[in-house]
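Here's the structure we're looking at; comments come further down.
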Amino acid sequence: METKGLIKRNLSAADSLIILSIVVLGIGVIALLGWVLNLPDLASFWTDLIPMAPDTAFLLIVYGLAVCVRVWAPLKCRSVWVIAACGVGAILMLFMFVLSCTRVYWAGEHFWVNIIGTVKGVPVGHMSPVSALCFALASLSFVLSLSPSAIRSRRAVLALGCAGLILGVCLIFILAYLFGTPFLYEGKIVPPALNTLIAFLMLGLALLILVWHPPGFVRRQTPDVSEPSTILFLTFILMATGIVTIGYLSYQQFVRNYRVEVERQLSTIADLKLNLLKQWRLERLGDGAILFRNAAFSSMIRRFIERPEDAESMGQLQGWIGKYVEEFQYDQVCLVDTQGIRRLVVPANRTALSSALLKQIPSAMQSGKVSLCDFYRNEIDKRIYLAIIVPILEKAAPAPPLGVIILQIDPEIYLYPFIKYWPTASTTAETLLVRREGSEAVFLNNLRFKNNTALNLRAPLNRVSMPAARAILGQEGIMEGSDYRGEPVVAATRTIPDSPWSMVARMDKAEVYAPVRARLFQIIIMMCVLLFGAGACVGMVWRRQSLHFCREQAAGADALKRNSLELQNKNAELERFLYTASHDLKSPVVTVRTFLGFLEKDLADGDAGRIEKDLRFIRTATEKMGQLLDDLLEMSRIGRVVTPPVRIAFREVVEESLGAVAGRISERGVTIKVEDQGVMLYGDRIRLAEIWQNLVENAVKFMGDQKAPQIHIGVDTHNLEAIFYVRDNGIGIDPRHQAKVFELFEKLNPGVEGTGIGLALVKRIVELYKGRIWVESAGVGQGTCFYFTLSEAIVNIKIGGRG
Amino acid sequence: MKGEPIVILLVEDDEAHAEIVRRNFETSHLANRLMHVSDGQAALDYLHRRNGFSNPEKSPRPGIILLDLRLPKVDGLEVLKKIKADSDFSPIPVVILTTSKAEEDMVRAYDNHANSYLVKPVDFSQFTKLMETFGYYWLAWNQFPH
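Below, the structure is given as structure tokens:
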């Protein structure tokens, strides 16, 4: 039965090994087929995630096969070649790890299949350093588990550690995939593919089993405890599901809260900037409005235009305009007449006006309103400006304007720094100002990650993934997309009212989600710790259960063994009893019947002497039979007939028993000496007396021809145990026969009367009180001493007695 | 009958049974060849001529041994074992004569090379007949080497 269970157990381990290795093999084969047959979906598991590299697939096949071979031919695996191959594999994989970490990609990895392309910025078809590390660990674990003495050795611990590391790494990465934020994406290092990780998870499990249940070993195992372990396994699954779910939910909660926070921040900043930009525009237009329809100013202009040589009016005008330049930091303020000629410039020697600006003047004059000329590039100094155009009108309304005052603004002085400013510390955040030109978005400011973009960088409005384009199209609010660099970003867009401008306040997603990523890593690590903890707890409970189970079983087996031994002893005793009883009872029957036959004959012959002899034999035999039956009855009563136990002193019992055999004692002239230690007994008075009675009777019977027969009765309270003794100076017992004296119907001397039951009876009574009995005699003629204990009948012992 | 008469050693603790055997042998005029000891130890002493059996005249080497199984001091089976283990005595036929019909006793006796196993009959005439047959068989028909 035991071996059967053992085989079953080993088979199941082998089965799971085969299943795991076939899964590993299958994943590898599918991916490799995908590459060879040009069906990349097979390698990427029908997801938009990174596909498994061809060399990873190939190695997974090799490792899966290795595990299979290990199960089917466990002994062949122990050759030097296998160990060498594993060693070389491990070193090669460490080399791959270094290569992959340093982003040195080797074309041979593609197995001459034409693979190009990237997934999220990562080149496809190269082994991840994580995979390389896992392969190296797998090689190490595999070679360590080969050792025949793997159980309880340092190697086994190492092999377990390697397999556990693979499992841990896989678990972390798989959980990250599960949470929708896979690690190493958007980084420079190739991330491991999801199918690769699943294959490694299987491989890690297979390696664990290889260490626990090495195939080809017959290990003495604890009895089958599969039932509690199934419950525990389910418990573990439940716990693991709970841990992962709680982790996932807490992560989602964090992401949600974090997103809300980020959106709020971006929106706040966007609104702040929007308001300031609006304000700025209004202020500039307000600057213009002061000059507009200002009678004093327009008359001053008229005077200057009509008499340009009038130094006084020119000085007056220069003073007025100059205030604007100083106060409001305009690049230049100039007067342009209706012909478009710049009549006055403050400060002097400023660059000529851009043609783009001059083109705007006639329409501005016609409109009769202060207007703002949006960002334009001055073709002369190649700089970007804005300008406020103020037509100079006189009171007589329909009259044509005298000219315009241009307030030219250099955005570098105030506007650009203001746009650039970000109120919180950030490495990627910036604000973009864009306007529409035809079907394109034009960037109006210089950008953080690209030089010289103002009025140069354009993007088609149909690029809707671009927040700038969407802002121009009138979408406001929070959005995700990719910016001018193609980077994924989170953006808040605003349209600035009464202007052609749209504004984008944006941050790189990588920066936004960096804390989320850190948090994810924390949660995953915590979950891994919890999972391993739960596993360890369940494992410990299982171990305890199986230990408990074993102990119980062992205890049960022990008790059973003890009981059956006891039963066996009893049975043997009974058998012996029946055997001897039938034999000893048959003997006198044979005697009686035979001598009856003789008697008949002798009666016929009339032989008086023989008749008397025959009758004597018959009488003796029947007497013996009667005695035997009495003794048997007495014997069977012991332990069955119970009289209530009483307290009785040792001396009293002895005197009672001596009284019963007083006749024989005096007949033989035996001197009796009793030594009392004040021991009190508690038990069946008659039975206890029977002990001494039988022993004394026995001693008298075997006095031999002793001249001064003596019997010494006493108790020795040495070592806190009362040892009773009955010593005589009779014929003694040959040491060879001492063991036989307590057996039923056993008589050492056929000549002496008795049935051979007396000492057997004593033994039974002693055993009833959980005592022992033994005999000591130096030999024939040396006297005999019977010793016995009565553990359960002792009430008290006076310490310090004899001995 | 040839040469010296064959001595029968009876090992029997029950006086009455020994008497039965002796009486039966008396009828067949074999009683003078019967030597009786009443326990196993005495039987061994007799064979080895020690402890009171040292006189070869009084304790001649038996030609056949009638052995009871339940004996004081040394058990019958033990005696049988010792006889058959001793090359001096092993050729002597040992006939077990006992009240026991127990299978295990027979098996053990034959295992220890008993030459024959006889159960004491309860019936008087059968006992007489058995002893008579025993005498004829072992002392008349059976041939012993010189």
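Chains as they are written, first to last, in the numbering used here: chain A, -14 to 788; chain B, 39 to 184. For glycine and all other residues, C-beta sits at the position ideal for the given N, C-alpha and C. Predicted model only: the values in this text are computed from it and were never measured.
Taking the CA atoms as reference points, Tyr84 (chain B) sits about 30 Å from Asp713 (chain A). Taking a beta-carbon distance threshold of 8 Å, Arg561 (chain A) does not count as an interface residue toward chain B.
Under the DSSP assignment, Ser487 (chain A) falls in the beta strand (DSSP E) whose first and last residues are Trp486 to Asp493. Look at Lys571 (chain A): its C-beta is under 8 Å from a C-beta on chain B. If you compare the alpha carbons of B:Ser66, B:Asp51 and B:Pro94 with that of Gln79 (chain B), the shortest gap goes to B:Asp51.
Residue-level contact check: Leu581 (chain A) touches chain B, since one or more beta carbons of chain B fall below 8 Å from its beta carbon.
In this structure, the beta-carbon distance from Pro396 (chain A) to Ile369 (chain A) falls below 8 Å. For Ser356 (chain A), there is no enclosing alpha helix (DSSP H); the residue is found in the beta strand (DSSP E) stretching over Ser356 to Arg362. With a threshold of 8 Å between beta carbons, Val196 (chain A) makes no contact with chain B.
Beta-bridge partners assigned by DSSP to Cys319 (chain A): A:Val330 and A:Ile391.
Looking at the DSSP output, Ile510 (chain A) bridges to nothing. Arg536 (chain A) counts as exposed, since fewer than 16 other beta carbons sit within 10 angstroms of its beta carbon. Going by C-alpha positions, Tyr233 (chain A) is about 14 Å away from Asn242 (chain A). For the pair Val145 (chain B) and Val760 (chain A), the Cα-to-Cα distance works out to about 33 Å. Contact between the region 626 to 636 of chain A and the region 749 to 758 of chain A is absent, with fewer than three C-beta pairs closer than 8 Å. For the pair Leu219 (chain A) and Gln238 (chain A), the Cα-to-Cα distance works out to about 28 Å.
Of the candidates A:Val240, A:Met37, A:Arg479 and A:Asp366, the residue whose Cα lies closest to the Cα of Pro500 (chain A) is A:Val240.
If the five residues before and after Lys158 (chain B) are omitted, its C-beta is found closer than 6 Å to the C-beta atoms of Thr137, all from its own chain and listed in chain order. It is roughly 39 Å from the alpha-carbon of Arg249 (chain A) to the alpha-carbon of Val310 (chain A). Taking C-alpha positions only, Val109 (chain A) is separated from Val9 (chain A) by approximately 21 Å. Look at the region 606 to 688 of chain A and you find these whole runs of alpha helix (DSSP H), each 4 residues long or longer: 635 to 645, 647 to 653 and 670 to 686. For Phe428 (chain A), the uninterrupted beta strand (DSSP E) segment begins and ends at Glu425 to Phe428. For Glu597 (chain A), the secondary structure class from DSSP, reduced to helix, strand or coil, is helix.
Judged by DSSP secondary structure, Ser124 (chain A) falls within the alpha helix (DSSP H) whose first and last residues are Pro114 to Ser130. Per DSSP, reduced to three states, the secondary structure at Val142 (chain A) is helical.
Using a Cβ distance threshold of 8 Å, Leu48 (chain B) and Ala54 (chain B) do not count as a contacting pair. A direct Cα-to-Cα measurement between Met73 (chain B) and Val45 (chain B) gives close to 7 Å. When only Cα atoms are considered, Ile68 (chain A) and Ser124 (chain A) end up about 9 Å apart.
Between the alpha carbons of Ala778 (chain A) and Gly715 (chain A) lies a distance of about 29 Å. Contact annotation: in the region 56 to 73 of chain B, residues whose CB is within less than 7 Å of a CB in chain A are Glu57, Ile58 and Arg61. Per the coordinates, the alpha-carbon of Asn70 (chain B) lies some 23 Å from the alpha-carbon of Gly582 (chain A). Cα atoms of Ala(-1) (chain A) and Ala161 (chain A): separation of roughly 31 Å, rounded to the nearest angstrom.
Straight-line spacing of the CA atoms in Pro200 (chain A) and Asp143 (chain B) works out to 53 Å.
Burial state of His184 (chain B) is exposed, judged by a 10 Å Cβ sphere holding fewer than 16 other Cβ atoms.
Rounded to the nearest angstrom, the Cβ distance from Pro452 (chain A) to Val489 (chain A) is 5 Å, consistent with a contact under 8 Å. Close partners of Phe165 (chain B) in chain A (Cβ separation under 7 Å): Thr579.
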